[in-house]
Each structure stands twice: as structure tokens, then as C-alpha cells.
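Colleague:
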Amino acid sequence: MRTESRKQTDLFESFFLHQEEESLQAFQSQVEAVMQTFTETFKQADHPFSGVQPEEIRRQIEAVMDITEEARPFQDVLKEAVQPVIRDSLHVSHEKSMAHLHCPPLLTGIAGELLIGALNQSMDSWDQSPAATYVEEAMIRYWTSRAGYGNQADGVFTSGGTQSNYMGLLLARDAFCQKNWNQNVQKQGLPEGFTKLRVLCSEEAHFSVKKAAAQLGLGEDTVVSVPVDEEHRMDCSALRLIIMEMEEQELLPFAVFATSGTTDFGSLDPLEELADICRENDIWFHVDAAYGGGLLLSSHRHKLAGLEQADSMTLDFHKWLYQPISSGVFLLKDSDHFKWIAHHADYLNPEQDEQEGVLNLVNKSVQTTRRFDALKIFLTLKTLGTDLIGSMIDQTIETARLAAQEMTRRSAFYPANPEPQLSAVVFQYRPDDGDGDVDRLNRRLQQALFQDGRAVVAKTKVHGETHLKLTILNPRTSIDDVKDVLDRVEQTAVHQRTEGGSLDES
Ligand SMILES: *Cc1c(COP(=O)(O)O)cnc(C)c1O
């Protein structure tokens, strides 16, 4: 009986990571096989995208998705099934991939992911992450201090900007309900009169603010858009006026969500003035710096002046800090506000733990089981140092500035933000003869470029009209790469117009 059960468990030896030689060798050979498959396939991918049609990709993926009852050699699976995935992925590290806020990951981040997976620590309770807990705490202290916060500050790693914004709105809401109605939302739900609550953000703010309002039972209509100035920054006099009007209508504006680095234009709301307005009106001030947070390490740091006055903020490391997805933080000026989400579970973080000084990070998170993302940030900062990362960010800002200049010089290119504040340039291609449907042309240009695969740009709408967008996050992207992409836009436009637009409407 005993020998039989022994044999049975022996079967599993080489599938897990443990101290036995057999396991360590299997681990090494799998990692090597991944590297080999990856580099072989990746080397052939000299464009940001293969340009293969969606239907064809789907067909190829479905062809390898069969799951069998028997095991197979890992190497075979990589070769047969993973290669097509690698081949038709978007190659975000390619210097001509410049569409979204979607960064090339640093090697330290990629290596960090391997460590994170191998260690598989869970950040909810100290006994599941006895060392990792302190790494995260130290990284949070690093970023709170970098952001200019004092000793009362605290924070937590999140899955990204959406979750961080959600947390900001959640804590702002609960703090306000306690103060205004003496109601504990966590225990008693929303107070009567909650329909009067209002959140203010610029019309360029990220959609996750509205999503958070919906999910928090306030409804999207709670979020009121404040107009922006010509540089797409929140207009402070408009904000003052709206707050005044709301007070007359007995509405309750309880939170302002500023954006440092809007998703399209990378515009930076005027934080110092907004902080003043919030202080005067006793309103929670949240800064969404998912994109602009990268400036904290750059020589453009001064553009974030006032950030330290925020009650809470969002930073993303998978945007402009070159980390693999996912990784971000939510930072809070006064750690006391984490009490609005604290919950004690007997099996995980009983109150006695806290009395004995055990640090269970679940108290600060809306997640329970949570990744050890702090490790890859730590590994990156410790290895590269902040100057080098800062100069990468500076480089992309400079390339974006030159890109906008280049567009201004060329006919038919109309940058919507000729002096980009960060590294995004929004523009429209308008043929000189002024004929035809410009909106349609720009939409098709983006599609045609993507299908060609040699350059990846994004599209967005400005005042209802389709524009193209370059988001330059890769410091290896040079102005010559940008010029090539603009040439390609031009050629594609000429082709589109002579062919009468042969692409499908979809
Ligand atoms: C990307 C982005 C978000 C959302 O962050 P995720 O990490 O994608 O969840 C929020 N705000 C801004 C300004 C962003 O650019």
C-alpha cells in the first residue's frame, strides 16, 4: 500500500518546483525551451504585427486549442501551439508599435514575472507572503515618498489604473457619507440622499471613473464632466462655477478626479489650483496619474507639482514604467481611510493578528489573493536605478515633441496637440485638396496600417471626428521611426484614395 502510494506521487515529481534535482532540471529545461521558442519565432517577427487577417488568426488558434486526456511533451506544445500565438501577437516592444498606452516591458520586469510565478506568494496575509509583504511595504513607502507624501501615507499594489481609481472613489464616498450623514456605508449601505452625490472630472478623464461610479451604486450620471481648455486640461474656473451651481441646487460634490496624463493627449490637469479648490470646498482630491506618474522619475517631474496634495492617487507601472501587465499602485495621503474597506476574516486576518503587530495587507486591498507585483518593480528600480529609467521617459517626451513638429512641417498632417505635454500626439490626415470624408479616411488609415503590420498607430475621436494617435512609450523609437510611420500614412492615404477605399467598412 505504502509503496503504491509512493509510486503514485512519484509520477508528479517533474511537474512542480521543489528541491529535487529532477524538478530543478525540468524547470530549467522548460525555461530554456520557452526562451528558444520565443526567440526563434520572435526573430522572424520583424514587424509589430503579422498583418494576418482576424479570421485566419482565429482559425489557426482554434486548430491548436484541442485539450487531450493524455499528457504531451512541453516542447511539442510550445512548438505546435504556442508558436502561432507568439507569431500573431502584437509585438509591443517593436519600435514602430506606437498605438496605445501599452509599453515594451523591461527585461527586469520579465525576469521578475518568472520569479513572481515561481514563488507564488499571496499578498493577502503575512503567513502567505512573509518576506514579500515587507517588499511591498517598502515599495509603497518608496512611491509615497517619491510622490511627495508624508509619514501618514500608505498604499497598496493594484491590478492597474481601473482598480486604483475604483479605490479612490470608494474611499472618498465612504469618508464623505460618514462625515455628512454619520453613516458607515460598509455596514449600512448608502444613505438616503445619496442621489445628491456628485463626482467631478474633466471631459478627458478616463472612463474608469464612470465605471467606478456605476459599480459603487452611485450611477454614471453622478460623474459630471468639467470642460477643458485648448490644451485639454481641466478648466478651473469652469470647475468653480459648477461647484457653486451644485451647492445652489443642494447637490453634494464630494470628489474631484484630476488626470495627470489623459489617455489621448497626455494632458496634465493643473494640480495646484485644483488642490486649492478642493481644500476650499472640502472635497476629496484624487489624481489619476496612470500615465503621467512616469514623470516622477523624469526630468519633467515639475509638471506634477501639486500631486503631493492629493488625498489619493493612481500610478500605473505597466504604462510608462515599462513593466509587464499587470502592475499599479493606489496611494493614500492618510492611511486611516483604509478602514473603510478593512474586513476581518477568522481564517485570514483575525483582529488579534493586528493587535500582535502582524501585517496582513488584505486590509488595504479590494482583492484577496493578490500577486507579488512589487517584486518586479523592486528588481527594476534596484537594477536600472532611477536616472536611467528617467532618461528613457525623457527620451520618449522628446521624440513626441519632434513628431508633432514633423507633422506641422508636412502638408496634410494636422496635429491636435502640436506641443505634446507627455509622449502622445493626436493628429488627423487631411488631403490637401480637401475632398472626401476625412473621418472615414482616418478610420481606414488606421485599419489599413494595422493590417499591413509594419506600423501600429491608434485611433480616437476628437469632437466626434476620428483622429490618429501615436503614443510613444518606447525609448528605442527614434524620430526616424516616426518619419517612416508618417510616410506610410501618406502612402496608404494615396493608395486608399486612388483605390477608392477597398477596405471593408467594418
Ligand atoms: C490606462 C488608464 C487607466 C486605466 O488603467 P488600467 O491599468 O488599464 O486599468 C486609468 N486612467 C488613465 C488616465 C489611463 O490612461
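What the sequence shown shows, in the UniProt record's numbering, is residues 1 to 506, in sequence order.
Glycine included, C-beta positions come from ideal geometry on N, C-alpha and C.
Since the model is a prediction, treat every value here as computed from it, not as a measurement.
1. Within 10 angstroms of its Cβ, does K319 collect 16 or more other Cβ (buried), or is it exposed?
2. In the DSSP assignment, find the beta strand (DSSP E) that holds L375 and state where it starts and stops.
3. Could you check if P418 is buried or exposed, using at least 16 other CB atoms within 10 Å of its CB as the buried criterion?
4. Go to D288, then tell me how far its beta strand (DSSP E) extends in each direction, as first and last residue.
5. Quick test of your reading: D288 and H206, contact by CB under 8 Å. State the CB separation rounded to the nearest angstrom.
6. Specify whether the stretch 28-35 and the stretch 66-83 touch according to this definition: at least 3 beta carbon pairs, one from each stretch, less than 8 Å apart.
7. Below 8 Å, can you find three or more Cβ-Cβ pairs linking the stretch 389-400 to the stretch 319-331?
8. For the beta strand (DSSP E) containing V256, list its first residue and its last residue.
9. Does the count of Cβ pairs from the stretch 45-56 and the stretch 8-28 closer than 8 Å reach three?
10. Could you tell me whether the Cβ atoms of A238 and F285 are closer together than 9 Å?
11. For ligand 1, any of its heavy atoms closer than 8 Å to the Cβ of Y322?
12. So, R497 versus P420, is the Cβ gap smaller than 9 Å?
13. Out of L274, T383, H343, point me to the one whose CA is closest to C236's CA.
14. Does at least one heavy atom of ligand 1 sit under 8 Å from the Cβ of N165?
15. Taking just the CA atoms, how far does G434 sit from E220?
16. Just checking H318 against ligand 1 - is the residue's beta carbon closer than 8 Å to any of the ligand's heavy atoms?
17. Quick check: what's the CA-CA separation for D504 versus D439?
18. For T460, is the beta carbon positioned less than 8 Å from some heavy atom of ligand 1?
19. Applying the 10 Å Cβ sphere with the 16-neighbour rule, what's the burial state of Y429?
20. Judging by CA-CA distance, which residue of H302, P84, N442 is the nearest neighbour of R59?
21. Between A205 and ligand 1, is there a pair consisting of the residue's CB and a ligand heavy atom that are separated by less than 8 Å?
22. Taking DSSP as the reference, what is the three-state secondary structure of D269?
23. Within 8 Å: the Cβ of D288 and any heavy atom of ligand 1?
24. Note down, in chain order, each residue of its chain lying with its Cβ closer than 6 Å to the Cβ of residue 507, except the 5 sequence neighbours on either side.
25. Please specify which runs of the alpha helix (DSSP H), each continuous and at least 4 residues long, are wholly inside the stretch 74-116, giving them in chain order.
26. In whole angstroms, give me the CA-to-CA distance for V92 and V426.
27. Who are the near neighbours of M1 in its chain, counting only those whose CB is closer than 8 Å to its CB and skipping five residues on each side?
28. In chain order, what residues of the same chain lie with their CB nearer than 7 Å to the CB of R279, ignoring the 5 residues before and after it?
29. Would you mind listing the alpha helix (DSSP H) stretches within the stretch 295-344 that are 4+ residues and don't spill past its ends, in chain order?
30. Could you check whether the Cβ of residue 534 sits closer than 8 Å to any heavy atom belonging to ligand 1?
31. Just the Cα atoms here: how many angstroms apart are residue 532 and V209?
32. Just how far apart, CA to CA, sit E247 and H102?
33. Along the chain, where does the beta strand (DSSP E) containing A458 start, and where does it finish?
34. Which whole-angstrom value describes the C-beta separation of V329 and L307, a residue pair presumed to lie in contact below a C-beta threshold of 8 Å?
Modeller: So, from the data block:
1. Position 319 of the sequence shown, counting from 1, holds the residue named residue 319. Buried is the call here.
2. The count along the sequence shown starts at 1 and reaches residue 375 at position 375. Note, L375: premise wrong, no beta strand (DSSP E); alpha helix (DSSP H) at 374-409.
3. By one-based count along the sequence shown, residue 418 stands at place 418. Classification for P418: exposed.
4. As a first step, residue 288 is located in the sequence shown; it is residue number 288 there, counting from the start. D288 -> beta strand (DSSP E) spans 284-289.
5. Your numbering for residue 288 matches position 288 in the sequence shown. Your numbering for residue 206 matches position 206 in the sequence shown. For D288 against H206, the beta-carbon gap comes to about 6 Å, under 8 Å, which counts as contact.
6. Segment contact: the stretch 28-35 against the stretch 66-83, three or more CB-CB distances shorter than 8 Å; contact assigned.
7. As far as the Cβ criterion goes, the stretch 389-400 touches the stretch 319-331, which means the pair count is three or higher.
8. One-based indexing of the sequence shown puts residue 256 at position 256. First-last of the beta strand (DSSP E) with V256: 252-259.
9. Result no; under three Cβ-Cβ pairs closer than 8 Å.
10. Sequence index remark: in the sequence shown, residue 238 carries index 238 (1-based). Sequence index remark: in the sequence shown, residue 285 carries index 285 (1-based). No, the pair does not count as a contact, with Cβ atoms beyond the cut-off.
11. Walking along the sequence shown from the start, residue 322 turns up at place 322. Distance from the C-beta of Y322 to the nearest heavy atom of ligand 1 is not below 8 Å.
12. The residue given as residue 497 occupies position 497 in the sequence shown. The residue given as residue 420 occupies position 420 in the sequence shown. In this structure, P420 does not lie closer than 9 Å to R497 by Cβ.
13. The residue you call residue 236 lines up with position 236 of the sequence shown. If we check each option's Cα against that of C236, L274 comes out closest.
14. Numbered from 1 along the sequence shown, position 165 holds the residue referred to as residue 165. Yes - ligand 1 has a heavy atom lying nearer than 8 Å to the Cβ of N165.
15. In the sequence shown, the residue the question calls residue 220 occupies position 220. In the sequence shown, the residue the question calls residue 434 occupies position 434. Approximately 39 Å between the Cα atoms of the pair.
16. Reading the sequence shown from its first residue, position 318 is the one you call residue 318. The answer is yes for H318.
17. Residue numbering aside, residue 504 sits at position 504 when the sequence shown is read from its first letter. Residue numbering aside, residue 439 sits at position 439 when the sequence shown is read from its first letter. Low per-residue confidence applies at D504: pLDDT is 43, beneath 50, and the placement is therefore not dependable enough to give any value.
18. Counting from one through the sequence shown, the residue named residue 460 turns up at place 460. Not under cutoff, so the answer is no.
19. Along the sequence shown, read from residue 1 onward, the residue named residue 429 stands at position 429. Under the 10 Å beta carbon count, Y429 is surrounded by 16 or more other beta carbons and is classified as buried.
20. Taking the first residue of the sequence shown as 1, we reach residue 59 at position 59. It is P84.
21. As a first step, residue 205 must be located in the sequence shown, where it is residue number 205. Here the distance from the Cβ of A205 to the nearest heavy atom of ligand 1 is below 8 Å.
22. Translated into positions along the sequence shown, residue 269 becomes position 269. In the structure shown, D269 sits in coil (DSSP, three-state: anything other than H, G, I, E or B).
23. In the sequence shown, counting from the first residue as 1, residue 288 sits at position 288. For ligand 1, at least one heavy atom lies less than 8 Å from the Cβ of D288.
24. Lying outside 1 to 506, the shown extent of the chain, residue 507 is not represented and no answer is given.
25. Entirely contained in the stretch 74-116, the alpha helix (DSSP H) runs reaching 4 residues are, in chain order, 74-77, 83-87.
26. For this step, residue 92 is matched to residue 92 along the sequence shown. For this step, residue 426 is matched to residue 426 along the sequence shown. Taking C-alpha positions only, V92 is separated from V426 by approximately 19 Å.
27. Your numbering for residue 1 matches position 1 in the sequence shown. In this predicted model, M1 has a pLDDT of only 48, less than 50, meaning its place in the structure is not dependable; the value taken from the coordinates is given anyway. Once the five neighbours on either side are set aside, M1 has no close Cβ partner at all.
28. Position 279 of the sequence shown, counted from the start, is the residue given in the question as residue 279. Nothing meets the Cβ criterion.
29. Fully enclosed alpha helix (DSSP H) runs of 4 or longer: 317-320.
30. The displayed coordinates of the chain run from 1 to 506. Any statement about residue 534 would go beyond what the structure contains.
31. The chain is shown only over 1 to 506; residue 532 falls outside these bounds and no answer can be derived.
32. Position 247 of the sequence shown, counting from 1, holds the residue named residue 247. Position 102 of the sequence shown, counting from 1, holds the residue named residue 102. Just so you know, the alpha carbons of E247 and H102 end up roughly 40 Å apart.
33. Counting from 1 along the sequence shown, the entry for residue 458 is found at position 458. In the DSSP annotation of this structure, the continuous segment of the beta strand (DSSP E) that includes A458 starts and ends at 458-462.
34. Along the sequence shown, one-based indexing puts residue 329 at 329. Along the sequence shown, one-based indexing puts residue 307 at 307. Contact flag wrong, Cβ pair sits at about 13 Å.
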